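Following: one structure in structure tokens, then a few remarks.
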Amino acid sequence: MLTIKYFNHQTKMKTTRWFVALLSLTLSPLLGAQSQPAADLVIRNAKIWTVDKNRPTAQAVAVLADRIVAVGSNDDVKAWQGAQTRVIDAAGKLLLPGFNDSHVHFIDGGLALDSLQLNDATSAAEFTHRIAERAKVTPKGDWITSGDWDETKWTPARLPTKELIDPATPDTPVFASRYDGHMALANSVTLRLAGITAKTPDPPGGVIVRDAQGNPTGALKDAAMDYVFKVAPPLSHERRLKAARRALAHAASLGVTSVQHMNPEYADIAVYNELLERGELTTRIYAAPLITNGADDQVKIGIRHAFGGPFLRIGAIKAYADGSLGSATAYFFEPFSNQPDNHGLLSDEMHPVSLMRDRMMRADAAGLQICTHAIGDQGISIILDLYSEIVKVHGERDRRFRIEHAQHMAAKDFDRFAQLHVIASVQPYHAIDDGRWAEERIGHDRASRTYAFRTFLNHGVRLAFGTDWNVAPLNPMLGVYAAVTRATLDGKNPNGWFPEQKLTVAEAVEAYTLGSAYAEFQENEKGSIAPGKLADMVLLSDDIFAIDPAKIRDVKIVTTIVGGKSVWDASDKKGQ
Ligand SMILES: [Zn+2]
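Mapped onto numbering that gives the first Met the number 0, the consecutive letters of the sequence shown carry residue numbers 0 to 575.
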């Protein structure tokens, strides 16, 4: 059954045109063949991997307005070609459905493209140097934020302290974030502004890292970062708009045609809406605000999951169960192998767990979709308990609970995960990044159920792939590469870290397209190349099914098509 949804007038016009075309097609035997409309776009001579079980491969596709109208051989599609039809000769290249990143922080990502970069620093000295250089060009009164530092890449690897940056930043507030977003380093100026001293208690769900005398070192974990967020200046509308535009251009260049923005601020959604009205939104967005400020508002409006139109939807909420592995705040049943007193932390939203339960119950009763960040095995287990309680109280329905990351699974929980139809919204790049050091933190046994993509599939759990950008790069080729090879970034596991968890290219592509579409209730609208679906497609430089998997990470996007329009073309960018 065909359902047509529309969002604004422009889309409605397009959809109507498409519907008329479909109608005339249906009637064409009565009216004569002349009545068939010409396609706006035909792509021919492609090697198409459709992710459509009914027709896995094809050669050509026709697009009318923003929808796919025909898929088949060059001959099958030829009838759609008219005088005005734009024709792309794919010259045998691979055409896939557009990638759908199921977990991004889109505005943060856009901001990071223009910000201080600390992620590839390899020593404390370089960390200090880059912040000092930034301070020189930072206008008085502005803050230095972001950075995405990763101390595991330093020699020696140790947490940074304010002493590293204080001398270069006597008047500039610094709050440099760790790449996982679960820790940040404040300098003395920032600690003073936030009122953090040796006497400040650790908040629930957070840690103020202290030296032997009990003085703050500047490193703040999880909820302790809120002390600073409360005093930091808000992002201006102009900067937010600029960040969104940067992020959209970046996504288009990487073949990412849909994203699911986790914990956006409302101002982010307003910016997307502004860009939508201007016709500038080139990536489809599903936004899931935080449960602590987004659930009750959406409940009041009365909207349900996936409310909106093809380019912008809301109706989901994002919750946090725990912290991260890298910051040693993921919540485990057993302590960290290298920190016998530390099980990790439940997030501040989980203090007490009954509060989280009440919020989730309200959100679910209203029909909102619940997406919960859970990384440690006990954090995941507690969320599965809550999900199962919700089903018991409110009854079965197609609610598509999600667990974001689902990183370290208890052996007993795979079956429960499947029985509750929970979607594992996972980021394969994290596996080849964390795989460098995860085993020394959690030991071999737990590591064997870490980023356990194959085990999830074996249990019948649906996967949705994403990146967590800007925690990891937005490039889907890196995600496919990671899932298929599991070759850690340090080159130490060329045949795969826990290779039994590798996926095939077809499985990885499906998780990154149809799997992610399913995770946002849009599998009938996008995620495969099939008649009736939105015309979101990418043409790749190389055939990832045929090349050496180790080379997948170097594959480039030739053309990105969203709703039948080219939003990025490699040939336009030559010489830039
Ligand atoms: Zn995230």
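Built from N, CA and C at the ideal position, the CB exists for glycine as well. Keep in mind that this is a model prediction, so the values were computed, not measured.
Please classify residue i: is it buried, with 16 or more other beta-carbons within 10 angstroms of its beta-carbon, or exposed?
| i | result |
| --- | --- |
| Gly343 | buried |
| Arg283 | buried |
| Arg445 | buried |
| Ser235 | exposed |
| Ser176 | buried |
| Pro96 | buried |
| Tyr607 | This structure gives no information on residue 607, because the portion of the chain shown stretches from 0 to 575. |
| His443 | exposed |
| Thr144 | buried |
| Ile130 | buried |
| Val537 | buried |
| Ser570 | exposed |
| Gly531 | exposed |
| Ala78 | exposed |
| Gly278 | exposed |
| Ala185 | buried |
| Ile67 | buried |
| Asp74 | exposed |
| Gln368 | buried |
| His407 | buried |
For residue i and residue j, I'd like the C-alpha separation in whole angstroms.
| i | j | result |
| --- | --- | --- |
| Lys525 | Gly71 | 18 Å |
| Leu29 | Val76 | Annotation note: pLDDT 47 at Leu29 (below 50); position unreliable, no value reported. |
| Pro351 | Gly563 | 49 Å |
| Thr487 | Asn341 | 26 Å |
| Ile422 | His102 | 12 Å |
| Val460 | Val425 | 12 Å |
| Ile441 | Thr449 | 10 Å |
| Tyr428 | Thr484 | 11 Å |
| Val86 | Ala529 | 18 Å |
| Ala471 | Leu477 | 10 Å |
| Val258 | Arg453 | 24 Å |
| Pro334 | Gly322 | 14 Å |
| Glu522 | Lys152 | 39 Å |
| Asp107 | Val504 | 29 Å |
| Thr137 | Leu240 | 21 Å |
| Asp553 | Tyr480 | 9 Å |
| Arg133 | Ala89 | 45 Å |
| Arg415 | Ser187 | 47 Å |
| Asp397 | Tyr330 | 29 Å |
| Lys550 | Asp541 | 9 Å |
| Val557 | Ile42 | 13 Å |
| Thr256 | Pro202 | 39 Å |
| Gly434 | Val230 | 36 Å |
| Pro498 | Gly514 | 22 Å |
| Ala320 | Ala373 | 5 Å |
| Glu596 | Lys501 | Any question about residue 596 goes unanswered here, given that the chain covers just 0 to 575. |
| Ala243 | Asp165 | 32 Å |
| Ser23 | Gln80 | For Ser23, the predicted model reports a pLDDT of 49, less than 50, meaning its position is unreliable; a value from the coordinates is still stated below. Ser23 and Gln80: Cα-Cα distance of roughly 16 Å. |
| Lys317 | Ala409 | 22 Å |
| Val289 | Thr84 | In the sequence under discussion, the amino acid at residue 289 is Leu, which differs from the Val named in the question. One C-alpha to the other measures close to 44 Å. |
| Leu383 | Thr371 | 10 Å |
Using the DSSP secondary-structure output, state which residues sit across from residue i in a beta bridge.
| i | result |
| --- | --- |
| Trp148 | Arg177 |
| Tyr285 | Gln259 and Arg312 |
| His372 | Tyr319 and Glu403 |
| Lys46 | Leu93 |
| Arg66 | Leu63 and Leu533 |
| Gln338 | Phe335 |
| Ser424 | Glu403 and Ala463 |
| Thr121 | In DSSP, Thr121 forms no bridge with anything. |
| Ile560 | Met536 and Ser565 |
| Ile87 | Ile42 |
| Met182 | Lys220 |
| Phe228 | DSSP output for Phe228 lists no bridge partner at all. |
| Thr196 | In the DSSP output, where bridge partners are listed per residue, Thr196 has none listed. |
| Asp100 | Val258 |
| Ala57 | Ile47 |
Test item, CB below 7 Å from any non-hydrogen atom of ligand 1: His102, His104, Gly180, Met261, His372, Glu403, Asp467 and Val470
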